[in-house]
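**Q** For reference, the structure I am asking about is given below.
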Amino acid sequence: MITKKIDYHAPFEYESFYHIYNRGNNKENLFYEPKNYTYFLENWKKYLAEYLDVYTFCLLPNHFHFLSQVKPEKHILSLSKKIIDINILLEEQFRRLFITYSQAINKAQNRTGSLFQKRFKRIKLNRDEYFYRLVHYIHYNPVHHRFCNSVEDWKYSSFKLIKSNKPTLLKRKDLLNWFGGLKQFLEFHKKELKVSNIYPFGIDEAET
0 MITKKIDYHA
10 PFEYESFYHI
20 YNRGNNKENL
30 FYEPKNYTYF
40 LENWKKYLAE
50 YLDVYTFCLL
60 PNHFHFLSQV
70 KPEKHILSLS
80 KKIIDINILL
90 EEQFRRLFIT
100 YSQAINKAQN
110 RTGSLFQKRF
120 KRIKLNRDEY
130 FYRLVHYIHY
140 NPVHHRFCNS
150 VEDWKYSSFK
160 LIKSNKPTLL
170 KRKDLLNWFG
180 GLKQFLEFHK
190 KELKVSNIYP
200 FGIDEAET
């Protein structure tokens with residue numbers, strides 16, 4: 000799914016898939032109360048939904064994960080009258096997201112300084128067997144970090160949205176089609192994947 004030498008800051012390209020993740024500066028919390036999770040997702044929608052499709056996500060107290068795909072060039076160019084460097088555009092949109100969210104949290108928590116680790120990471124992905132394991136990994140992350148006992152228990156991930164019929168911006172239909180349907184999706188999430196099966200993406204286990 001990835002090259003031997005992992006590029007943690009792979010340039011964004013049209014229609015490519017990415018595992019996007021970041022954590023709090025010095026491993027501090029990003030989310031302090033339930034409304035923080037909602038506010039972050041609202042700002043993701045505000046700054047990124049026009050440019051990125053989301054298939055899977057999970058927000059944890061001190062870090063987050065998204066499995067996303069850059070939208071087609073034709074769509075993104077339709078939003079602007081000038082030629083766009085998609086990598087520069089998305090870097091700027093993420094910068095706006097992080098600044099907006101950081102300012103709100105710093106004010107609410109009476110803190111100063113950087114909230115996020117300086118550079119967010121994104122690994123370019125291909126659709127192969129590890130793609131499905133990454134979906135599992137993202138949903139299983141709260142269990143891995145002992146915030147809950149089951150993927151069903153965590154409120155701040157895409158798992159429950161995917162298995163529901165609620166309106167969502169997630170690419171739910173496409174994701175379920177990859178697994179062969181909802182039943183297969185749920186069965187796959189019952190598996191306990193070994194860490195060695197989950198981390199071939201080059202993710203630092205101690206970090207995420």
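Under our numbering, residues 0 to 207 are what the sequence shown spells out, in order.
Glycine included, every Cβ here is placed at the ideal spot set by N, Cα and C.
1) Please tell me whether P60 and F30 are closer than 8 Å, where the distance is taken between their beta carbons.
2) Quick one: what's got a C-beta closer than 8 Å to H8's C-beta in the same chain, skipping five residues either side?
3) According to the neighbour-count rule (16 or more other Cβ atoms, all chains shown, within 10 Å of its Cβ), is G179 buried or exposed?
4) Determine the contact status of L89 and F39, defining contact as a CB-CB distance below 8 Å.
5) Would a C-beta distance cut-off of 8 Å place Q68 and Y54 closer than the cut-off?
6) Pick helix, strand or coil for S77, following the three-state DSSP scheme.
7) Would the segment 155-163 and the segment 171-189 be scored as touching if the rule is three or more Cβ pairs under 8 Å?
8) Residues in the same chain with beta-carbon distance under 7 Å from T111, minus the five sequence neighbours each way, listed in chain order, please.
9) Does DSSP classify Q68 as helix, strand or coil?
10) Take Y129 as the anchor and find which of R22, L192, S113, E91 has the nearest alpha-carbon.
11) In terms of residues, what are the limits of the beta strand (DSSP E) holding Y20?
12) Using only the alpha-carbon positions, how far apart do K189 and K80 sit?
13) Taking 6 Å as the limit between beta carbons, can you name the residues of its chain near T99, skipping five residues before and five after?
14) Return helix, strand or coil for T99, following the three-state DSSP convention.
15) Using a Cβ-Cβ cutoff of less than 8 Å, which residues in the same chain neighbour N86 once the five nearest sequence positions on both sides are dropped?
16) Give me the Cα-Cα distance between R126 and L58, rounded to the nearest whole angstrom.
17) Taking the alpha-carbon of L51 as reference, which of T167, P33, Y17 has the nearest alpha-carbon?
18) Go to L114, then tell me how far its alpha helix (DSSP H) extends in each direction, as first and last residue.
19) State yes or no: is the C-beta of V240 within less than 8 Å of the C-beta of V134?
**A** Inspection of the coordinates gives the following:
1) By one-based count along the sequence shown, residue 60 stands at place 61. By one-based count along the sequence shown, residue 30 stands at place 31. Contact: yes.
2) What you label residue 8 is simply residue 9 of the sequence shown in a count that begins at 1. Excluding positions up to five away in sequence, the list reads R118, K120, R121.
3) The residue you call residue 179 lines up with position 180 of the sequence shown. G179 comes out exposed.
4) Here residue 89 corresponds to residue number 90 of the sequence shown, with the count starting at 1. Here residue 39 corresponds to residue number 40 of the sequence shown, with the count starting at 1. Result no, Cβ atoms of L89 and F39 do not sit closer than 8 Å.
5) Counted from its first residue, the sequence shown places residue 68 at position 69. Counted from its first residue, the sequence shown places residue 54 at position 55. Contact: yes.
6) Within the sequence shown, the letter at position 78 stands for residue 77. In this structure, S77 counts as coil in the three-state DSSP scheme.
7) yes
8) In the sequence shown, residue 111 corresponds to position 112, counting from 1. Counting only Cβ-Cβ distances below 7 Å, and skipping sequence neighbours, we find N105.
9) Locating residue 68 in the sequence shown gives position 69, where the first residue counts as 1. Three-state result, Q68: strand.
10) Taking the first residue of the sequence shown as 1, we reach residue 129 at position 130. The shortest C-alpha separation from Y129 is found at L192.
11) For this step, residue 20 is matched to residue 21 along the sequence shown. Unbroken beta strand (DSSP E) run through Y20: 16-22.
12) For the purposes of this step, residue 189 is taken as the residue at position 190 of the sequence shown. For the purposes of this step, residue 80 is taken as the residue at position 81 of the sequence shown. One C-alpha to the other measures close to 47 Å.
13) Stepping through the sequence shown from its first residue, residue 99 is reached at position 100. N42, listed in sequence order.
14) Here residue 99 refers to the residue found at position 100 of the sequence shown. Reduced to three states, the DSSP call for T99 is helix.
15) The count along the sequence shown starts at 1 and reaches residue 86 at position 87. Cβ neighbours of N86 beyond the five flanking positions: P10, F11, E12.
16) For the purposes of this step, residue 126 is identified with residue 127 of the sequence shown, where counting begins at 1. For the purposes of this step, residue 58 is identified with residue 59 of the sequence shown, where counting begins at 1. R126 and L58: Cα-Cα distance of roughly 23 Å.
17) Position 52 of the sequence shown holds residue 51. Out of T167, P33, Y17, Y17 has the C-alpha closest to the C-alpha of L51.
18) The residue you call residue 114 lines up with position 115 of the sequence shown. Counting along the chain, L114 falls outside any alpha helix (DSSP H), and DSSP gives it neither H nor E.
19) Absent from the structure is residue 240, since the part of the chain shown begins at 0 and ends at 207.
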